[in-house]
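**Student:** Residue numbers for the first sequence follow our numbering, beginning at 1 and rising by one.
Beta carbons are placed, not taken as given, at the ideal position from N, Cα and C, and that holds for glycine.
These figures come from a predicted structure and were not determined experimentally.
After the structure tokens below, expect a handful of questions from me.
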Amino acid sequence: MSEIIPRSFYSRRVIEVAPDLVGMWLVRQINESIQRVQIVETEAYEQSEPACHAHRGQTSRNMVMFGCAGYAYVYFVYGMHYCFNIVTDKENTASAVLIRAVAFPDNAHLGAGPAKLCKALSIDKTLNGIDVTNPQGGLWLEVGESPPLTQTTRIGITKGVDLPWRWYWQSHQSVSKTSRQLNNK
DNA sequence: CCGGTGATGCCCT
DNA sequence: GGGCATCACCGGT
Numbered sequence: 001m002s003e004i005i006p007r008s009f010y011s012r013r014v015i016e017v018a019p020d021l022v023g024m025w026l027v028r029q030i031n032e033s034i035q036r037v038q039i040v041e042t043e044a045y046e047q048s049e050p051a052c053h054a055h056r057g058q059t060s061r062n063m064v065m066f067g068c069a070g071y072a073y074v075y076f077v078y079g080m081h082y083c084f085n086i087v088t089d090k091e092n093t094a095s096a097v098l099i100r101a102v103a104f105p106d107n108a109h110l111g112a113g114p115a116k117l118c119k120a121l122s123i124d125k126t127l128n129g130i131d132v133t134n135p136q137g138g139l140w141l142e143v144g145e146s147p148p149l150t151q152t153t154r155i156g157i158t159k160g161v162d163l164p165w166r167w168y169w170q171s172h173q174s175v176s177k178t179s180r181q182l183n184n185k
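Now the structure itself:
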């Protein structure tokens with residue numbers, strides 16, 4: 001078994017943590033059942049830029065982002081989907097890494113999108129605010145590998161579109177494909 | 001293969 | 001009341 005990723009890993013600037021999370025294992029436990037998937041795509045969001053939910057200040061929805069690193073920020077969007085983030089940096093520096101895609105061992109499409117992976121792993125709002133450095137919460141991360149990365153602009157947003165804050169496992173089948181991106185820029 | 005669009009509910013203005 | 005860090009489906013090519 002791999003080692004669990006400690007809080008110090010997440011307590012750095014979000015643009016350092018986001019690329020480092022690609023290749024790590026995400027583990028979901030519900031009762032006796034365990035799913036282990038590998039992160040293949042992430043995006044960084046930080047209060048200073050307009051695409052971030054915390055850009056206009058603290059609200060009840062984004063409160064977790066203002067807290068300590070290593071906690072889950074799960075939000076509901078488009079009336080039917082959840083997205084899962086991990087809070088980074090220090091307290092009161094609102095920032096988080098959006099987990100955009102994960103690889104399931106037997107199905108390349110199951111985790112190829114932020115809402116799809118939440119559905120496949122049964123991640124919903126009840127996990128908002130849990131500690132992902134503690135297995136007691138049923139959702140944690142373990143050290144994996146450092147694959148070849150491609151860096152591009154973020155997708156699915158209308159503001160802050162020029163920041164190159166999306167990273168994915170180069171040529172991996174499970175990377176989300178909503179928007180076509182040119183490789184190796 | 002590709003772009004357009006409807007579903008659906010919560011949060012913030 | 002508008003907009004949203006999405007997705008699957010539809011129809012034209």
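1) Tell me which same chain residues have a C-beta within less than 6 Å of the C-beta of PHE84, skipping the five on either side of it?
2) Nearest CA to the CA of THR153: which residue from LEU163, LYS177, VAL132 and GLY144?
3) Between the Cα of ALA115 and the Cα atoms of VAL77, ALA44 and GLU46, which residue gives the shortest distance?
4) Can you tell me the Cα-Cα spacing of TYR10 and VAL22, whole angstroms?
5) The beta strand (DSSP E) with CYS83 in it runs from where to where?
6) Tell me the rounded alpha-carbon separation between VAL175 and GLY111.
7) Give the single residue among THR133, THR150, GLN136 and TYR168 whose Cα lies nearest to the Cα of GLY113.
8) Hey, how far is the Cα of HIS172 from the Cα of GLU46?
9) Counting along the chain, where does the beta strand (DSSP E) carrying SER8 start and finish?
**Tutor:** Reading off the structure:
1) Here the question's residue 84 lines up with position 84 in the first sequence. So the qualifying residues of the chain are VAL74, ILE99, CYS118 and ILE123.
2) To locate residue 153, count along the first sequence from 1; it is residue 153. Of the listed residues, the one whose Cα sits closest to THR153 is LEU163.
3) On the first sequence, position 115 is the one that residue 115 refers to. Taking only the C-alpha atoms, the option nearest ALA115 is VAL77.
4) Taking the first residue of the first sequence as 1, we reach residue 10 at position 10. Taking the first residue of the first sequence as 1, we reach residue 22 at position 22. Each residue's alpha carbon lies about 13 Å from the other.
5) Against the first sequence, residue 83 aligns to sequence position 83. That run of the beta strand (DSSP E) goes 81 to 87.
6) Counting from one through the first sequence, the residue named residue 175 turns up at place 175. Counting from one through the first sequence, the residue named residue 111 turns up at place 111. The straight-line gap from Cα to Cα measures roughly 8 Å.
7) Counting from one through the first sequence, the residue named residue 113 turns up at place 113. Cα-wise, what sits closest to GLY113 is TYR168.
8) Taking the first sequence and counting its residues from 1, one reaches residue 172 at position 172. Taking the first sequence and counting its residues from 1, one reaches residue 46 at position 46. Cα to Cα, the separation comes out at about 26 Å.
9) Residue numbering aside, residue 8 sits at position 8 when the first sequence is read from its first letter. Run containing SER8: none in the beta strand (DSSP E); it sits in the alpha helix (DSSP H), 7 to 10.
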